[in-house]
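Visitor: Structure incoming, see below.
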Amino acid sequence: MKYCILIIDGASGWPLAAHGGKTCLELAHTPNLNAIAREGIVGLICNVPPGMEPSSACASMSVLGYNPRIYYRGRSAIEARGMGVPINKGEAVFRCNLVAVRDGRMWSYSCGHISTGEAQALVASLNEKLGNDEVHFYPGVSYRHICKIKGREDILLASCTPPHDIHDKAIAEFFPKGPGSDFLRELMIRSQPVLRDHSVNIERKARGDIPATMIWLFWGSGKIPDMPAFKEAYGLDAALTSGVDIMRGLARM
């Protein structure tokens, strides 16, 4: 017997006022999904334990059969695993978005989905100007990257806000807060002059594309507990494919 699990992560989206309060999924033409629902069994399942963040990382771990209460330590640690970034004791990793801020407000959390090639060049400059024995940046896909920080475990107590939650809001209100936050804020602010005059951004602005004006750090996490291999846990061979590092990380754990 073979099983196929298809996770249509985020397909429904938010209700759109311009379309009578319907979501993208309600508006979409979905004959194949309709056929599956019609011929199969439809039900509800809660993949996010009460009190835990309702994220795709937490839910996907649960879907694959691993208890998030035991193994989940934050999204960035899983993404780091997917990118081949080791996390040792005393190290913390943060998701590091390339974002665009205009007039002090969050303009774009993805710089208009900047290309991976352009982003890699920007991350290389960040390492050259800001990287040291304590801080290192690892390039990912498009705007999504990882920043690893050594010797400052207190920063995992900092309260950070994802940039996709503050579109068009004044960023000053949403900088990291709490223990270790000063270090994170300083790193984010110091990224601005590094990116401002980079040739990648000069070319993007000339084309009318959204430039990357700074980094935004969030989703901090530490080392992940060892998880049993899928074969060991369930006696089945498994394969996983995805376009994002979070799922690649889960597959490698």
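Those letters in the sequence shown? Residues 171 to 423, per the working numbering, in order. Note that CB positions come from ideal geometry on N, CA and C, so glycine has one too.
In the region 225 to 289, which residue ranges form an unbroken alpha helix (DSSP H) of at least 4 residues, counting only runs that do not cross its ends?
Guide: Within the region 225 to 289, the complete alpha helix (DSSP H) runs of at least 4 residues are 226 to 233, 238 to 241 and 245 to 252.
Visitor: Quick one: Cα of G244 to Cα of K259, how far?
Guide: Going from the Cα of G244 to the Cα of K259 covers about 16 Å.
Visitor: Is the CB-CB distance between V263 and A247 below 9 Å?
Guide: Their beta carbons are under 9 Å apart, which means V263 touches A247 by this criterion.
Visitor: Using the C-alpha atoms, what's the distance from L203 back to E196?
Guide: Distance between the alpha carbons of E196 and L203: 12 Å.
Visitor: If I measure Cβ to Cβ from S295 and keep anything under 7 Å in the same chain, skipping five residues before and after, which residues do I get?
Guide: If we look at S295 and ignore the five residues flanking it on each side, its Cβ neighbours are V364 and H368.
Visitor: What do you reckon, are the CB atoms on I416 and K318 nearer than 9 Å?
Guide: Against a cut-off of 9 Å, the Cβ pair of K318 and I416 comes out as no contact.
Visitor: Under the rule that 16 or more other beta-carbon atoms within 10 Å means buried, what is E298, buried or exposed?
Guide: The residue in question, E298, is exposed, as its Cβ has fewer than 16 Cβ neighbours within 10 Å.
Visitor: To the nearest angstrom, how far is it from the Cα of L357 to the Cα of L387?
Guide: Distance between the alpha carbons of L357 and L387 is about 9 Å.
Visitor: Output needed for R265: all residues of its chain with C-beta closer than 6 Å, excluding positions within five of it in sequence on either side, in chain order.
Guide: Answer for R265: S246, F388 and W389, listed in chain order.
Visitor: Among S230, S225, G221 and G180, which has the Cα closest to the Cα of A421?
Guide: With distances taken between Cα atoms, A421 lies closest to S230.
Visitor: Would W184 be called buried (16 or more neighbouring beta carbons within 10 Å of its own) or exposed?
Guide: Classification for W184: exposed.
Visitor: Assuming I372 is part of the beta strand (DSSP E), what are its boundary residues?
Guide: Note, I372: premise wrong, no beta strand (DSSP E); alpha helix (DSSP H) at S369 to R377.
Visitor: What residues match up with H315 in a beta bridge as DSSP calls it?
Guide: Beta-bridge pairing links H315 to C266.
Visitor: G310 and E249 - do their beta-carbons sit closer together than 9 Å?
Guide: Yes.
Visitor: For M397, which residues of its own chain have a beta-carbon under 7 Å away from its beta-carbon, when the five flanking residues on both sides are left out?
Guide: Cβ within range, chain order: Y236, Y241 and M423.
Visitor: To the nearest angstrom, how far is the alpha carbon of D324 from that of P349?
Guide: Going from the Cα of D324 to the Cα of P349 covers about 6 Å.
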